[in-house]
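Here's the structure, in structure tokens; my notes come after.
Numbering (the working numbering), first residue to last: 119 to 425.
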């Protein structure tokens with residue numbers, strides 16, 4: 119897959135099948151749209167293009183947005199789906215104010231050479247978000263492309279959307295969030311030195327610093343960790359460690375079962391498999407240590423029974 123950053127760097131002289139959106143999380147609804155785009159390209163012997171936007175439009179307007187996927191993770195997923203090009207457009211005032219027909223003519227048709235355009239049920243574009251699927255259909259004959267729309271996807275009576283997945287993760291409903299993602303929710307981060315408290319409790323942990331990802335509800339999780347391409351089972355605490363005096367900063371700490379290598383400064387991917395319990399404050403370190411032992415057994419049982 120070829121990654122192109124910036125509309126000014128597009129130099130396409132071939133016909134394409136494209137889809138456009140933020141695709142944060144690349145959940146099952148997104149995947150259906152992208153699969154349709156790729157399948158059309160393969161059927162007609164042209165190239166598939168996924169267009170995303172950076173920064174996220176919500177962030178552009180100064181609001182906080184907790185991402186489900188950063189650019190690196192999104193690229194990983196798109197590549198496995200057989201996408202030919204990932205076009206990352208800068209979301210700026212010019213793009214925001216662009217007349218929808220101008221966007222269709224100048225970007226979709228002239229720049230991206232689109233013959234087929236696939237969008238989700240709620241895709242909006244252009245000035246005041248006036249552009250939508252109906253407008254794409256109206257201009258399709260004038261500009262020589264075909265437009266397709268995918269309806270909403272519903273799981274357990276809830277619409278699959280990035281915003282709903284964020285809500286579920288913050289509530290601790292990891293099971294439904296993972297079902298909507300069609301994968302284990304994961305974060306990318308770097309292992310750094312901690313304060314050694316886990317080692318004092320006989321449970322040395324990998325302290326993982328994460329940026330640009332939503333942090334799920336504070337608590338204990340059965341997890342998997344990818345280190346140098348190899349997957350290891352572990353149990354992870356996400357939270358502020360209320361039992362430890364004077365420590366209230368967010369930590370993501372993973373105890374990796376039967377693992378003894380030095381992994382400081384390594385980049386890892388942590389997969390959240392199942393929520394075990396809320397974060398708790400214990401009376402003393404002995405109670406904390408005893409509970410960690412229980413959490414480890416629960417996590418092992420969960421991970422041993424994965425299909």
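Beta carbons: idealized from backbone N, C-alpha and C, even for Gly.
All of these numbers come straight from a predicted model, not from anything done at the bench.
Take residue i and list the residues in its own chain whose beta-carbon comes closer than 8 Å to its own, dropping the five residues that flank it on each side.
i: residue 282; result: 276, 298
i: residue 284; result: 184, 186, 332
i: residue 290; result: 334, 335, 337, 393, 396
i: residue 278; result: 145, 146, 147, 270, 271, 272, 298
i: residue 150; result: 268, 271
i: residue 342; result: 302, 349, 350, 351, 352, 388, 389, 391, 421
For residue i, does the count of other Cβ atoms within 10 angstroms reach 16, so buried, or fall short, so exposed?
i: residue 220; result: exposed
i: residue 263; result: buried
i: residue 311; result: exposed
i: residue 340; result: buried
i: residue 303; result: buried
i: residue 367; result: exposed
i: residue 411; result: exposed
i: residue 296; result: buried
i: residue 347; result: exposed
i: residue 191; result: buried
i: residue 256; result: exposed
i: residue 359; result: buried
i: residue 307; result: buried
Is the beta carbon of residue i less than 8 Å from the beta carbon of residue j?
i: residue 223; j: residue 268; result: no
i: residue 287; j: residue 274; result: no
i: residue 305; j: residue 384; result: no
i: residue 336; j: residue 415; result: no
i: residue 185; j: residue 174; result: yes
i: residue 188; j: residue 204; result: no
i: residue 328; j: residue 413; result: no
i: residue 334; j: residue 243; result: no
i: residue 323; j: residue 233; result: no
i: residue 381; j: residue 345; result: yes
i: residue 330; j: residue 145; result: no
i: residue 370; j: residue 386; result: no
i: residue 241; j: residue 154; result: no
Counting only the same chain and skipping the five closest in sequence on each side, list residues whose C-beta sits under 6 Å from that of residue i.
i: residue 141; result: 148, 170
i: residue 138; result: 169
i: residue 197; result: 119
i: residue 253; result: 218
i: residue 417; result: 340, 353
i: residue 172; result: 206
i: residue 130; result: 231
i: residue 195; result: 144
i: residue 158; result: 135, 234
i: residue 251; result: 237, 267
i: residue 162; result: none
For the putative contact between residue i and residue j, defined by C-beta atoms under 8 Å, what is the C-beta separation to the nearest angstrom?
i: residue 132; j: residue 231; result: 6 Å
i: residue 225; j: residue 125; result: 7 Å
i: residue 354; j: residue 332; result: Not a contact, Cβ separation roughly 15 Å.
i: residue 229; j: residue 128; result: 5 Å
Leaving out five residues on either side along the sequence, give the residues of the same chain with a beta carbon under 7 Å from the beta carbon of residue i.
i: residue 156; result: 166, 199, 200, 201
i: residue 143; result: 186, 187, 280, 283, 299
i: residue 212; result: none
i: residue 123; result: 206
i: residue 164; result: 132, 133, 134, 135, 233
i: residue 249; result: 218, 221, 242, 243
i: residue 258; result: 264, 265
Whether or not the segment 237-244 and the segment 189-208 are in contact is what I'm after, with contact meaning three or more pairs of Cβ atoms, one per stretch, closer than 8 Å; do they touch? In this structure the segment 189-208 does not touch the segment 237-244; the number of beta carbon pairs closer than 8 Å is below three.
Stretch pair the segment 409-423 + the segment 370-378: three plus CB contacts closer than 8 Å: yes
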